[in-house]
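*Asks:*
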Amino acid sequence: MPSHDLYTDDPGSSPWQVPASGAARFSWEYDEGRDRLLALYQKGKDKQWDGRRRIDWELEVDPYDPLGTPDEAMSLYGTPYWARLTDRDKGELRRHYASWQFSQFLHGEQGAMICAARIVESVPDMDAKFYSATQTMDEARHAEIYGRFLHEKIGMLYPINDNLQSLLADTLRDSRWDMPYLGMQVLIEGLALAAFGMIRDTTDKPLPKQILAYVMQDEARHVAFGRMALRDHYRQLTDAELREREEFVIEGCYLMRDRLRGVEVLENFGIPRAEAERFSENSEFLQLFRKLLFSRIVPCVKDIGLWGKRLQQAYVDLGVFEMGDSNLDLLMTEDEEIAERLDAERFAAEERERVAEVRETIEAATDPS
1 MPSHDLYTDD PGSSPWQVPA SGAARFSWEY DEGRDRLLAL YQKGKDKQWD GRRRIDWELE
61 VDPYDPLGTP DEAMSLYGTP YWARLTDRDK GELRRHYASW QFSQFLHGEQ GAMICAARIV
121 ESVPDMDAKF YSATQTMDEA RHAEIYGRFL HEKIGMLYPI NDNLQSLLAD TLRDSRWDMP
181 YLGMQVLIEG LALAAFGMIR DTTDKPLPKQ ILAYVMQDEA RHVAFGRMAL RDHYRQLTDA
241 ELREREEFVI EGCYLMRDRL RGVEVLENFG IPRAEAERFS ENSEFLQLFR KLLFSRIVPC
301 VKDIGLWGKR LQQAYVDLGV FEMGDSNLDL LMTEDEEIAE RLDAERFAAE ERERVAEVRE
361 TIEAATDPS
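For the sequence shown, my numbering begins at 1 and goes up steadily by one.
1. Can you give the beta carbon distance from ARG373 to PRO19, rounded, assuming they're within the 8 Å contact cut?
2. Contact check, LEU40 vs LEU167 under 8 Å by CB: the rounded distance?
3. Please say whether GLU109 and HIS142 have beta carbons closer to each other than 8 Å?
4. Write down every uninterrupted run of the alpha helix (DSSP H) in the segment 277-327 whose length is 4 residues or greater and which is fully enclosed by it, in chain order.
5. Using 8 Å as the cut-off, can you tell me whether the segment 114-125 makes contact with the segment 179-187, which would need three or more C-beta pairs spanning the two stretches below that distance?
6. Which residues share a DSSP beta bridge with TYR7?
7. Smallest Cα separation from GLU29: which of MET126, ARG148, LEU330, LEU6?
8. To the nearest whole angstrom, what separates the beta carbons of LEU93 and LEU106, a pair I think is in contact under 8 Å?
9. Counting only runs that start and end within the segment 108-133, where is the alpha helix (DSSP H) found for 4 or more residues in a row?
10. Relative to the C-alpha of PHE149, which candidate in ALA213, LEU207, GLU334 has its C-alpha closest?
11. Please say whether GLY262 and TYR7 have beta carbons closer to each other than 8 Å?
12. Which residue marks the beginning of the alpha helix (DSSP H) containing ARG25, and which one marks its end?
13. Name the residue from ARG200, ALA348, PHE130, LYS302 whose alpha carbon lies nearest to the alpha carbon of HIS222.
14. Put TYR61 into one of helix, strand or coil per three-state DSSP.
15. Please report how far the alpha carbon of TRP307 lies from the alpha carbon of VAL298, in whole angstroms.
16. So is HIS4 buried or exposed if we call it buried at 16+ other beta carbons inside 10 Å?
17. What does the alpha-carbon distance come out to for the pair TRP377 and ASP10?
18. Around the C-beta of PHE225, are 16 or more other C-beta atoms found within 10 angstroms, so that it is buried, or is it exposed?
19. For ILE119 and VAL265, what's the separation of their Cα atoms in angstroms?
20. If we count the other Cβ atoms within 10 Å of its Cβ and call it buried at 16 or more, is PRO15 buried or exposed?
21. Is ASP335 closer than 8 Å to MET216 when the C-beta atoms are compared?
22. Is SER103 helix, strand or coil by DSSP?
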């Protein structure tokens, strides 16, 4: 079925055209580069995988409870509207929320693919071009996987959220070569990583857990790449240039915070927008979720050298300032280890099944009866 037929609302004109500016930069230095970045490029090559084969698409998904979302996590929970919902209505609400979340993941991954391709084009150093070429392939794979999950398992898509679309447009319209790094690698992917991690660690459904664990294994490399490249570049900038980038980060963080409410879902259930916004803002679960979603962004921003007073105050206002001291390297290492452990568990289980099957076949062949 065409994607357009699965959208809950009109997604707007396609293709969405964003005027791009900036120079394409060629480098004639092919034999030199930063050892750390070239090692990351090698890792990017070694860790390529096929979403059709690594993920077990035969696993069944209940579209009316695809993530095992508890009642308390629904922003309508505890309101008069919730009391009037039937069990069928609650299942439909879970389906819409899962569709909304994974649709934003899908649109964000397409944005990441385009930004990675822009980095290949515009970054001046060949080692960064090499690595971002591997990232472009990673993001294509992620978009493919999320798209397949939505089409085959949920059967519903949501249009791109206005705030995510605005940040993507701002990132792509900027002519400075470092802005796709900052907008995508730090802000959009940092937020997505935290959202992926929360679902990965709380869902009891095997297929979305697989998808998120394997995508996050790739994203750990992407964040490392952005930190490495931006940290080197920002050491050379003037105070005025750093302030411009900090203002971009501040605006982007507020946009990302406001992206998280899922008001579109409640509107599709007939709830007026003002009420939907109020219910979302008052949801204790959403408040905790929102705060934790900055756990990847704040330490990364601090690490790359953007930590002026105005930016720090914005994080105080958002209630996430203390996250600047989080150990980002530890989080990235855990993301890789979780994916490797999941692989080991899956392959061990498959091996046990094969051994049992062979044993049964032998016993059946030697049974004299």
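We put the CB at the ideal spot given by N, CA and C, even for glycine.
*Replies:* So, from the listed chains and residues:
1. The shown model of the chain, from 1 to 369, leaves out residue 373, and the question about it has no answer.
2. LEU40 to LEU167, Cβ: 25 Å. No contact.
3. Yes.
4. Segments of the alpha helix (DSSP H) lying fully in the segment 277-327: 284-292, 297-303, 309-318.
5. Using a C-beta cut-off of 8 Å, the segment 114-125 makes contact with the segment 179-187, since at least three inter-stretch Cβ pairs fall below that distance.
6. DSSP lists LEU157 as partners of TYR7.
7. In this structure, MET126 is the residue among MET126, ARG148, LEU330, LEU6 with its C-alpha nearest to the C-alpha of GLU29.
8. With 8 Å as the limit, LEU93 and LEU106 do not qualify as a contact, their Cβ atoms being about 20 Å apart.
9. Scanning the segment 108-133 from its first residue to its last, no whole alpha helix (DSSP H) run of 4-plus residues comes out.
10. For PHE149, the closest alpha carbon among the candidates ALA213, LEU207, GLU334 is that of LEU207.
11. For TYR7 and GLY262, no; Cβs fall outside 8 Å.
12. No alpha helix (DSSP H) contains ARG25, which DSSP labels as neither H nor E.
13. Checked all of ARG200, ALA348, PHE130, LYS302; the closest Cα to HIS222 is PHE130.
14. Contrary to the premise, residue 61 reads as Val rather than Tyr in this sequence. The answer is coil: DSSP assigns VAL61 none of H, G, I, E or B.
15. When rounded, the distance between both Cα atoms is 10 Å.
16. Taking every protein chain shown into account, the CB of HIS4 has fewer than 16 other CB atoms within 10 angstroms, so this residue is exposed.
17. Missing from the structure shown is residue 377; the chain here goes from 1 to 369 and no further.
18. Taking a 10 Å sphere around the C-beta of PHE225, we find 16 or more other C-beta atoms and assign the residue as buried.
19. C-alpha separation (whole angstroms): 34 Å.
20. Counting Cβ neighbours within 10 Å, PRO15 comes out exposed, since fewer than 16 surround it.
21. With a cutoff of 8 Å on beta-carbon distance, MET216 and ASP335 are scored as near each other.
22. In the structure shown, SER103 falls within a helical segment according to DSSP collapsed to helix, strand and coil.
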